[in-house]
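Chains as they are written, first to last, in the working numbering: chain A, 1 to 365; chain B, 366 to 781.
Right, one structure below, let's go through it.
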Amino acid sequence: MRWRAGETDSRTDTTFLLFSGCVYGNECDVVASKCEQSSVLLKELRSSMMSEGSSFMKGLILGGIFCLVMSFFETFNSGTHSEGHEHLHHHLKPVSKDELQKLSESQMSDWTLQVRVYCLIMVTPKLLVHWATANDTWSKHCDKSVFYTSESSKALEAIDLQEQDEWARLRKAIKHAYENAGDLRWFFVARPTTYAIIENLKYLVLDKDPSQPFYIGHTEKSGELDYVEYDSGIVLSYEAMRRLIEIFKDEDRCPERGHALWKTPEEKQLATCLKYTGVFAENGEDAQGKGLFNKKSVSSLISDSMGQNPADVVEACCSDMAITFGGMSPSQIQVLMYGVYRLRPYGHDFHDSLTFLPPNDSDND
Amino acid sequence: MKAGNSRCAFSLGFLVGSCTLYIFLRQVWFEKSFGWKRHGKSNPPPLGPEQNTPNLTWRVEGSALINLKHPHQPGEDGHITDELFKKVRILCWVMTGPSNLQSKARHVKSTWSRHCNVVLFMSSEEDRSFPTVGLGTGEGRDQLYWKTIRAFHYALKNHGDEADWFLKTDDDTFVVVDNLRWILSNYTAEQPIYFGKRFKPYAKQGYMSGGAGYVLSKEALRRFVEGFSTKVCTHTSSVEDLAMGQCLEKMGVVAGDSRDTLHRETFHPFIPEHHLTGKFSKTFWYWNYCFYPIVEGPQCCSDLAVSFHYVDPVLMYTLEYYTYRLRPYGYRHRYQPPVPAVLSLASHTGKPTTEAQRLEERVKEKSVPTYTMNPRAEKVKTTGTTSHKCCPGEKHNRQKHCMIVNMIVSSCVNPE
């Protein structure tokens, strides 16, 4: 075998020459020239591959940088217009028993009248079973409960918003609720997969003035944004609703259809819009600091507690005045109704300062 | 061609790059918020043993746990339940076995058994650390009646003076002992009577389901023990609860009605979910066994339920949470159980009163106003006929409830 002078001794070339099977003689020259051509071709191929590869690499790096820039831009945008001290984790607790007992009669009657709740339950026909369950159980404890659906269902009554996009639907529902609130001053937004104990919600907001902006629930953080988790229910005061309605008109800060590449969940969009109006998410918790809003089911929370605190499972698990649970099946919810509103040990009295009567049209509570 | 290729490669690279980094960023942010959560924001700090553990002191006597104080929640007025604790003393014995101690009996020990006056865990073998009583039997379904006999004998012999009533349960039974006291307070320990989930076949007066738990008065227990010494009752049976029922019937012990004042069952042989939501098929044996008519749906079960069976550990703690902890603030329950005559409060007024009436009495004494709210209160309409008067500042609504109309609210409280 012999190589042409000046040819590089790369593996591919050698293989090429070997395959040609030439050994000596004129054929070799012919083959060698063929080899030369092929090797040149190969070189060209390799170089073009290299150039493509390099452009691929360039594309990769540029794509990464682009992505980074976009995300920073987005968070920067949501971060710049924030006002005030946003890093104080707002914790909201119910009024203490001692304070309740110190109150004057007129103050008590004021509070009784203003702590009435309008429930907005955002349903879809896909969630029909949960919709029916919510209709049959906890929604009866709201002073007014309205079901807002994406499309109407023959089985159950609801306000048909005819809107598939969840954020747009939420906006419409909020507008409708605000206009039809009457003299109700507190608003609770939830999906039918959430279960709520409205009496405990009233207890939480009892001493809070609804003409102040309140945005309460289980708070989570996304970058710089504190938002209330949708799955465990969102509480809004009348003033917060009013400000929301105002900012809905602002297409730049609070757009109806987002212009990011990906869809932001409506809970975050809500938080962003509210932030522009100076309303911040507050975490609802009891006097011991236990969260009142849960997106997990009771059995799930108990199981977790059995793993983490086997010595004191129930104490460490959940609050006595819990407001919401999520992810429970309809039969589990019937058991929960029984457990919350009926099952109790005889002879244990709690002299609560307020009395809530059972609703007129149910038999499972 | 080549330029096109490289452009393709470039755009492909761009896409892949942006997608990968997007996913990567999402992960990173997720990690940050998750890590942040870990630093104890949403999870409450584990409470030390000083705070909020039930006000409970157990005294261990051999294999028995003697309860000195009754568990209470902070902020709760438990004086009625305390009184009943002293007047209606219950010994609970739990049927268990060596293999079930850690998987089942342990959870019974942590939850409802703390409300009994005395607790005994009955096993075939003694275990000083748990503690359990060793009955010297084998394990298995065929040993159940023998274990029951020995357990009751043991309880009467060793703790006969410490209790008035003797409750038998399984280690997968959940019991609300306070509600059992409410039922039993209308009877005395000298009456030969026993209570449980009553079944009708095979015995004239019926018998009580073993799994749902049954409770014997002291006199009933004495007669049970006597039945064996006089050979009136048999020593072997594969069906524990039926054999028990037949023995007691022979000894003249009455099978009591454990239902509440609305005739709703209190002892339940299944979990709450099955009773509240299940539809038993018409061929299911349960239909033929129940002594009283079965009610399906929410009225199956009393508010003051005493027991549920086939309760797994998670449900055990869940029911403890539902019964003793989770409550709706200020809720006026639909069912207002009458106060038992044995309590001193009733003896003042001379007749049994409802809880609501007692509350109102107390309210009038202290002049603490309670404010009543009906969800979905409608605009007030005055009705022609009213069953009772409303307080000043209130008017009747369509449902005849008194609704606050204007801001003048006095400390007047309406009877419903």
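Here a beta-carbon is modelled for each residue, glycine too, at the ideal position from N, C-alpha and C.
Distance, residue j Cα to residue i Cα
i: A577/B; j: H480/B; result: 18 Å
i: A429/B; j: T497/B; result: 8 Å
i: S319/A; j: V453/B; result: 31 Å
i: H633/B; j: V298/A; result: 22 Å
i: L456/B; j: M573/B; result: 18 Å
i: P439/B; j: G339/A; result: 20 Å
i: G462/B; j: D677/B; result: 16 Å
i: L549/B; j: K569/B; result: 23 Å
i: H518/B; j: A620/B; result: 20 Å
i: V604/B; j: Y657/B; result: 21 Å
i: D447/B; j: S211/A; result: 45 Å
i: C142/A; j: I61/A; result: 55 Å
i: H130/A; j: D526/B; result: 53 Å
i: Y148/A; j: F560/B; result: 50 Å
i: K366/A; j: S667/B; result: This structure cannot settle anything about residue 366/A, because the visible part of chain A is limited to 1 through 365.
i: F66/A; j: D209/A; result: 46 Å
i: H90/A; j: V123/A; result: 30 Å
CB contact below 8 Å: residue i versus chain B
i: R242/A; result: no
i: C119/A; result: no
i: H351/A; result: yes
i: R185/A; result: no
i: G64/A; result: yes
i: D363/A; result: yes
i: K97/A; result: yes
i: V313/A; result: yes
i: M57/A; result: yes
i: A196/A; result: no
i: Q334/A; result: yes
i: R344/A; result: yes
i: S104/A; result: no
i: T264/A; result: no
Limits of the beta strand (DSSP E) - the one that residue i falls within
i: C119/A; result: 117–123
i: K533/B; result: 530–535
i: F147/A; result: 144–149
i: N283/A; result: 281–284
i: V483/B; result: 483–488
i: W547/B; result: Counting along the chain, W547/B falls outside any beta strand (DSSP E), though it belongs to the alpha helix (DSSP H) covering 542–549.
i: I323/A; result: Note, I323/A: premise wrong, no beta strand (DSSP E); not H, not E.
Residue i - DSSP class collapsed to helix/strand/coil
i: Y215/A; result: strand
i: T355/A; result: strand
i: R257/A; result: coil
i: L509/B; result: helix
i: K569/B; result: coil
i: S109/A; result: helix
i: G561/B; result: strand
i: T194/A; result: strand
i: M328/A; result: coil
i: K175/A; result: helix
i: E52/A; result: helix
i: F350/A; result: coil
i: F187/A; result: strand
Run of the alpha helix (DSSP H) containing residue i, from where it starts to where it stops
i: D304/A; result: 298–308
i: E199/A; result: 198–205
i: D226/A; result: Premise fails: D226/A lies in the beta strand (DSSP E), 225–228, not in any alpha helix (DSSP H).
i: S475/B; result: 471–475
i: V580/B; result: No alpha helix (DSSP H) contains V580/B, which is instead part of the beta strand (DSSP E) from 579–582.
i: R243/A; result: 238–248
Contact with chain A by residue i, beta-carbon distance below 8 Å
i: G621/B; result: no
i: I659/B; result: no
i: F564/B; result: no
i: Y686/B; result: yes
i: T534/B; result: no
i: A783/B; result: The structure shown does not extend to residue 783/B, since chain B spans only 366 to 781, so no value can be given for it.
i: V679/B; result: yes
i: P463/B; result: no
i: V745/B; result: Low per-residue confidence applies at V745/B: pLDDT is 33, beneath 50, and the placement is therefore not dependable enough to give any value.
i: V707/B; result: no
i: T446/B; result: yes
Proximity test, residue i beta-carbon vs the ligand ZN heavy atom, cut-off 7 Å
i: I333/A; result: Among the components of this structure there are no ligands whatsoever, and the ligand ZN is therefore not found.
Can you list the alpha helix (DSSP H) stretches of 4 or more residues lying completely in the stretch 598–683 of chain B, in chain order?
605–615, 637–642, 650–654
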